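Encoded as structure tokens, the structure appears first; notes follow it.
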Amino acid sequence: MKKPAPKTRHLLIGCIALSSAGLVLSVSAVVAHRAVDWGSFPDWLGGIGTTTATVLFALGWQREAWLRRQDHERQAVMAIRQLLLDVEHLYVVERDEDGSLTPDGRNTEIRLLREIQAHTAAAPKPLRERLYQLTRFYSRSAINNFEGDRDWLIALNCNRYGLALVAAYVQGDPAPAPPSFVAAYEAALAEEEAILEEIDRERREERERRRRSSGSDAAQTPGEEDPQSDQG
């Protein structure tokens, strides 16, 4: 995000100067009215000075509060950007031989994502809403503990989407992110849904196999024979 332009600082200085001048004018009018009987003109002039001073001071205060909020948002965005870069680096260096995230990597990822969520609350509203979508997607099942190249690619694409959001905001681009990153994010969502459906299907099949196996075992278990049935 760009720093406030010099004309903004000049405007603030001008507001403060005019506010001070209006206050001095108001006091001078009151003093002059008491020293010399000029009729109602000094009272009118003092009212204008007081009103001008109040309005300009309020405008300057609002502008200063807006600048402070902008700076706070900029710091939050920069912190999110660095955390996303840390996550991307984590996805590269903390992988097992089979491509899964290591236990240490999972703990680090959880910590980084929590920090991202904390800073997201201070981000500007348009960016905040999209980052909340991203962190909600991160916090869902398949991504936090990804296994293998497929889940890793999904997580990496989502992280790059977050970086694209932040970069677009910092550069002042009105578009939230390049279309390619939006498409990658939507593809990642669809891929995750497919993974979850596959996991649910495998679990249902496993439960069905266990049920059938337990039923067949019960049918094949021989019952105890009555020893008196063989006598007679």
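All residue numbers for the sequence shown refer to the working numbering, where the first residue is 10 and numbers rise by one. Each residue gets a CB set at the ideal place from its N, CA and C atoms; glycine is no exception. Please read these numbers as outputs of a predicted model, since none were measured by experiment.
Check your understanding: Can you give the Cα-Cα distance for Arg123 and Thr117, rounded to whole angstroms?
Key -> 10 Å
CB of Leu174 within 9 Å of CB of Leu121, strictly
Against a cut-off of 9 Å, the Cβ pair of Leu121 and Leu174 comes out as no contact.
If we ignore side chains and look at the alpha-carbon of each, how far apart do Asp105 and Ala199 end up?
25 Å
Item to complete: For Leu165, collect the residues of the same chain with a Cβ closer than 6 Å to its Cβ; drop the 5 residues on either side in sequence, then sort them by chain order.
Response: Tyr100
query: Can at least three beta-carbon pairs, one atom from the region 124-131 and one from the region 83-101, be found at a separation below 8 Å?
result: Contact between the region 124-131 and the region 83-101 is present, because at least three Cβ pairs lie under 8 Å.
Worksheet entry | Between the CA atoms of Leu68 and Arg169 - distance to the nearest angstrom | If I take the Cα positions, the gap works out to 40 Å.
- Task: Please go through the region 92-145 and give each complete alpha helix (DSSP H) segment of 4 or more residues, from N-terminal end onward.
- Result: 112-129
query = Around the Cβ of Arg218, are there at least 16 other Cβ atoms within 10 angstroms (buried) or fewer (exposed)?
reply = exposed
Pairwise C-alpha distance: Arg77 and Glu206
Between Glu206 and Arg77, the C-alpha separation is close to 47 Å.
ask   = So, helix, strand or coil for Ile152, using DSSP?
value = In this prediction, Ile152 has a pLDDT of 47, which is less than 50 and means its spatial position is unreliable; what the coordinates show is noted afterwards. Helix at Ile152.
### Query
When you compare each of Lys134, Gln79, Gly171, Asp113 to Gln91 by their alpha carbons, which one comes out closest?
Gly171
Considering only their Cβ atoms, is the gap separating Glu103 from Asp113 smaller than 9 Å?
yes
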